[in-house]
Every structure is written in C-alpha cells, then in structure tokens.
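Comments concern the structure below.
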Amino acid sequence: MREMPQASDLLEWYDAHARKMPWRIAPADRMRGVLPDPYRVWLSEIMLQQTTVAAVKDYFERFTARWPTIQALADAEDGDVMGEWAGLGYYARARNLLKCARAIATDLDGQFPDTMEGLLALPGIGPYTAAAISSIAFDQPATVVDGNVERVMARLFNEHTPLPEAKPILTDFATNLTPQQRPGDYAQAVMDLGATICTPRNPACGICVWRSPCLARELGTAAELPQKTPKKPKPIRYGTAYIASRVDGALLLERRPDKGLLGGMLGWPGSDWTEGETPPHAAPIRAEWKTQTAEARHTFTHFHLRLTVKTSLVPMDREPKIGEFLALEDFRPSDLPTVMRKAFDLYRNVNT
DNA sequence: AATACGGGGTC
DNA sequence: GACCCAGTATT
C-alpha cells in the first residue's frame, strides 16, 4: 500500500513558508484563534479569481482603504467602484461585488453567511470562492479547488484525464485530503504549494514537502500534468474608437452597458468590433477627425483587437450624439479598462 | 457541455 | 509577439 500525502506535513511546511499577504492572518496567529475579517477574505478571493497575487495586492489595499467595511462598499457609487477596479479585468466581478455587498448589507444585516449554501447563493460566489471563505474566514473543513489545487492533485495521483473532464476526479482527491484540523491554513497551504513549488512549468519537486508520496514525481510526469483539452485560436477583430477633446480640455466618454465585454466601464465611443474589418458606424459627434497612424492592439480572452483611434478638437457648443463630456479634472486614465487606456496613450503621444 | 469574460507573466 | 494561466455566469 502506497503512503498517502499527509495534510499535517503540508501544514508543517506552511507554518515555516507561508507567504505574507495583506489579507492573510499568519499561521502562528490563526493557531491562537485569530480569524480574518470575512469582508477582507471575500474581497481578496473575488480579486484573486483568475488573477495573480502580485496583480491583486495594490487593488486590495486601495479598496480596503477607501471602503473598510461591507457597509461602506454597499454605500459606494457604481462608477467609483468600477473605476477602482479598472485594469484588473473580468469586470463582471466588480458588478457582482457591489450586488453582493448590497445584498449582505440589506438582507443579511451586514453579516456574511458561514455556510456553503448561504455563500453560494450570493452573486459572484461560486464553488471555489464559497469554499475559500468558508475555510479561511470561518475555519470550516470546506475543500478549495482552484487551478493550483487541480495541478497538485493531478500530479500527486498521476491523473492523466484532461481538464475540464478531470475536475470531479481531482475534486474528489482534494476532498479526501482535507483535514478537520486547521482547514483554513490547509486551504491556503495547498494553494501556496501550487503557486510556489508545484508550478505549471519547472516544478520544484526536489524541495516539495509532498515529494515522497507524489506519483508524478516518481514517474517523471509532473511537468506534463494536468492535461488540458486544446484551446481554439483567437480571431482578430477590428474596430474604431473616437477620442474627442473639447477646447476646454473635456473628453467625450461613454459608460458602457452593464452587460457583456467591459460592461459597466468607462470607454471611448466607437464602432462594434468585428472580424475581417471595422463595421459601418457613425462618429459620436460632428468633427474633423484625424486617424492616428498607430493602432491600439489588445488581446482579450477570446479574440485579438486592432483598434483604429480617431481624434478631434471640438468647439464648446457642439452637442455629442453619443456619450458625455467629462471635465479634464474629473478624468483619470486609471479609471479606464486597459484597452481604452491604450487608445488614450496613443492620443496623448501626439498631443504633448 | 460550451462559451463569454481581462490582463499579466514567461519564453 | 505567441503562448500559458485561471472562476463564475450564462446558455
């Protein structure tokens, strides 16, 4: 009978090597019974969906400084929250963040649910995040299964079934390893292991605490696991964005509809983005438009975009057909999603 | 079961 | 630049 990986071994490694993060309570403090604020756990876990710790850190600091409690966030203006989220991506997360904060403030007396069922009922909280909050904030033995855990389990048990088909199998492995003692630290420990030792490429098997029970390590298959079904190539879409500057410095912007790509975010008015060529469209305001030589290039989840940028200087009394002028002092490029900021950088380079 | 949905890091 | 990474909601 093969030896099984022991949660206690992983916890011992974590006690010595836990990464410091602004939302994390150190293992020594957790062992004294200190638990983190569920609000901070929730906020960090939403930000960490599909996003690295390095990318999240500054956003987390700014959010918690500006909105220290769930009630403060629930009371925030939509545009302020979307602007603070700008650049972090997957903007439905920010829309759901507000929905969730308001639901908790309004319906739940400002208290986070401490059950999986209660958490899963909230907007933006799926199986992973519910388990993360349950284990990290409430120290309940829920099993987190993110990409790190999937990779660690696939390697420990040499599971070659490709994802996403393998998900239930890997979840089952992960569930069986989850301890009743210190489940919050354990959850953070497996994810730390995946992020720092059991990495996608060049895993550091030589210094892994689970080195000896790992089947892939023994068989030399670690680097090729987990298997994944191949992804489709990204098509190229084309479009045009219009940056109109009024003589007083105000800029013509529009709030994008709450659904779909970049939903709820501020952006430059423009055409739809389609394959082959820019579709027919009208300018958002009557003006003499100058086409920038360089195009803004940006890659989204499922397509590449080549955005033509047209700019103009318009007089004070001209009314836009689309969007609103935003005073220069009210405009911060950091409120824009990245593709819109790239377009603005193009405009700025020729107007300096 | 498949698709929509960002942005950053690595090579 | 091409390629890799990774949760939730919707359909």
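Residue numbers 3 to 354, in the numbering used here, belong to the letters of the first sequence in order.
All C-beta atoms, glycine included, are put in the ideal place defined by N, C-alpha and C.
These figures come from a predicted structure and were not determined experimentally.
For residue j and residue i, believed in contact at Cβ under 8 Å, the rounded distance
| i | j | result |
| --- | --- | --- |
| Y357 | P29 | Within the shown structure, residues of the chain are numbered from 3 to 354, placing residue 357 beyond reach of any answer. |
| I72 | I106 | 6 Å |
| A76 | A103 | 4 Å |
| M267 | M33 | With a Cβ gap of about 42 Å, M267 and M33 do not count as contacting. |
| T340 | K312 | Actually they do not touch by this definition, with Cβ atoms about 20 Å apart. |
| G241 | L195 | With 8 Å as the limit, G241 and L195 do not qualify as a contact, their Cβ atoms being about 43 Å apart. |
| E152 | L172 | 5 Å |
| G269 | L254 | That pair is no contact at about 11 Å. |
| A289 | L348 | Actually they are not in contact, since the Cβ atoms of A289 and L348 sit about 17 Å apart, beyond 8 Å. |
| L165 | P232 | At roughly 11 Å, the Cβ-Cβ gap does not stay under 8 Å, so L165 and P232 are not in contact. |
Boundaries (first-last residue) of the beta strand (DSSP E) holding residue i
| i | result |
| --- | --- |
| T231 | Counting along the chain, T231 falls outside any beta strand (DSSP E), and DSSP gives it neither H nor E. |
| A134 | Note, A134: premise wrong, no beta strand (DSSP E); alpha helix (DSSP H) at 129-140. |
| S314 | 306-316 |
Under the three-state DSSP convention, the category residue i falls into
| i | result |
| --- | --- |
| A191 | helix |
| I48 | helix |
| G85 | helix |
| A289 | coil |
| L264 | coil |
| H300 | strand |
| L37 | coil |
| S336 | helix |
| G120 | helix |
| T295 | coil |
| Y240 | strand |
| A28 | coil |
| E277 | strand |
| A246 | strand |
| G269 | strand |
| V151 | helix |
| Q43 | Note that residue 43 is Val in the sequence shown, not Gln. Helix at V43. |
| D319 | coil |
Run of the alpha helix (DSSP H) containing residue i, from where it starts to where it stops
| i | result |
| --- | --- |
| V352 | 340-352 |
| V55 | 55-68 |
| L255 | Counting along the chain, L255 falls outside any alpha helix (DSSP H), though it belongs to the beta strand (DSSP E) covering 253-257. |
| N14 | Residue identity check: residue 14 is Glu in the sequence provided, not Asn. Per DSSP, E14 belongs to the alpha helix (DSSP H) from 9-19. |
| L75 | 72-76 |
| L328 | Segment 326-328 is the beta strand (DSSP E) holding L328; no alpha helix (DSSP H) there. |
| L100 | 94-109 |
Beta-carbon gap between residue i and residue j smaller than 8 Å
| i | j | result |
| --- | --- | --- |
| F114 | I135 | yes |
| S46 | W25 | yes |
| L179 | P7 | yes |
| P286 | K323 | yes |
| L12 | A197 | no |
| M155 | A176 | yes |
| G265 | P259 | yes |
| E277 | P237 | yes |
| S336 | A246 | no |
| Y92 | Q52 | yes |
| R248 | V316 | yes |
| N150 | A218 | no |
| G126 | N98 | yes |
| A243 | F327 | no |
| L50 | V58 | yes |
>> Report the start-end ranges of each alpha helix (DSSP H) in the region 158-216 that is 4 residues or longer and not cut off at the edges.
In response: Contiguous alpha helix (DSSP H) elements confined to the region 158-216 occur at 169-179, 185-198, taking only those with 4 or more residues.
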